[in-house]
Amino acid sequence: MQDKQQNPMPAFLTRLVFPFAGIGSPAWFLIRVIPKPSRAAYPCMRVAAPMASTFVLWLLGLTASLAFLKRARAFVWRSRYLAAALCIAAGAITGGVLISTPQSRASAALRANDPVGEAHGASPGRVVWVHDSAATPWEGPGDGHWWEDGKTNQEIVDRMLSRTLCELSGKQSDTAAWDTLFRYFNKAHGREHAGYTPGEKIAVKINLTFCSRYPDFTCVDSTTYTLTSKLDSRRSTTTGPRACSAPRIR
Numbered sequence: 023m024q025d026k027q028q029n030p031m032p033a034f035l036t037r038l039v040f041p042f043a044g045i046g047s048p049a050w051f052l053i054r055v056i057p058k059p060s061r062a063a064y065p066c067m068r069v070a071a072p073m074a075s076t077f078v079l080w081l082l083g084l085t086a087s088l089a090f091l092k093r094a095r096a097f098v099w100r101s102r103y104l105a106a107a108l109c110i111a112a113g114a115i116t117g118g119v120l121i122s123t124p125q126s127r128a129s130a131a132l133r134a135n136d137p138v139g140e141a142h143g144a145s146p147g148r149v150v151w152v153h154d155s156a157a158t159p160w161e162g163p164g165d166g167h168w169w170e171d172g173k174t175n176q177e178i179v180d181r182m183l184s185r186t187l188c189e190l191s192g193k194q195s196d197t198a199a200w201d202t203l204f205r206y207f208n209k210a211h212g213r214e215h216a217g218y219t220p221g222e223k224i225a226v227k228i229n230l231t232f233c234s235r236y237p238d239f240t241c242v243d244s245t246t247y248t249l250t251s252k253l254d255s256r257r258s259t260t261t262g263p264r265a266c267s268a269p270r271i272r
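Residue numbers for the sequence shown, in our numbering: 23 to 272.
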């Protein structure tokens, strides 16, 4: 299975991006924010606002520059050369500012984490992200997909999950980590402060945002490898469900 290379956008289409984005951004901002002003704080609105203001300023500058040059032409016909020269200078300055504005890469400023709301969890507010480049020998486009059979090392994924559980719970073993998570879940849902009870059935909701696949779409959320690690980890601990667990996924 080969990854299809995307063709670059034709040059004439790239020239249309700015005007269409410029027209669409203020329209989108006004349509969304006027009925409910609090939407101005939404991430999409915070992206649209600077694009809209940039386009409006660019349009005003371009219009002013053309107006000055048109006015200068009228002064020349009336032999008012000083006024014409001033209009030409004003138009040139306005146009020069538009052309000479330095371009910079748009990026969000890196700021210190500013949590909002009330922290929850066995370790309140803690979020764990684990990475190991050795988990897959995938070499990139042209080498199939990283989530295919043979492209992921299950043992390394198992170790990654184990590390995630211990970091999330603050414990030193998978058994203690699962017990901590079960006890927190039961307590948070108004049950007694107890761990897993043999015979209990557990439903796990996985991320299936990208459950569909298209020829040019190669993203995957939950892979069989990570699901297998979760099931095996629970079966291998004294607090995890055994008889109710599904068989190994392949």
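Quick reminder that beta carbons are idealized off the backbone N, C-alpha and C, glycines included.
Bear in mind that the values here come from a model prediction, so they are computed numbers and not experimental data.
Beta-carbon gap between residue i and residue j smaller than 8 Å
i: valine 78; j: proline 41; result: no
i: arginine 61; j: arginine 54; result: yes
i: serine 184; j: aspartate 201; result: no
i: threonine 186; j: valine 152; result: yes
i: aspartate 165; j: methionine 182; result: no
i: leucine 203; j: alanine 141; result: no
i: glycine 113; j: leucine 91; result: yes
i: alanine 216; j: asparagine 208; result: yes
i: valine 226; j: lysine 252; result: yes
i: alanine 157; j: isoleucine 178; result: yes
Close-in-space but distant-in-sequence residues of the same chain around residue i (CB under 7 Å, 5 per side omitted)
i: proline 137; result: Gly147
i: glutamine 176; result: Tyr247 and Thr250
Contact set for residue i: own chain, Cβ-Cβ below 6 Å, skip 5 residues either direction
i: glutamate 189; result: Val150
i: alanine 105; result: Phe97
Buried versus exposed, by CB contacts within 10 Å (16 or more), residue i
i: aspartate 171; result: exposed
i: cysteine 66; result: exposed
i: arginine 133; result: exposed
i: threonine 231; result: exposed
i: tyrosine 218; result: buried
i: glutamine 27; result: With a pLDDT of 44 at glutamine 27, under the threshold of 50, the modelled position of this residue cannot be trusted; read the value that follows with caution. Looking at its Cβ environment, which holds fewer than 16 other Cβ atoms inside 10 Å, glutamine 27 is exposed.
i: serine 255; result: buried
i: alanine 210; result: exposed
i: serine 191; result: buried
Sequence-distant residues of its chain with Cβ nearer than 8 Å to residue i (five each side left out)
i: alanine 107; result: Ala94
i: alanine 43; result: Met73 and Phe77
i: asparagine 29; result: In this predicted model, asparagine 29 has a pLDDT of only 48, less than 50, meaning its place in the structure is not dependable enough to derive any value.
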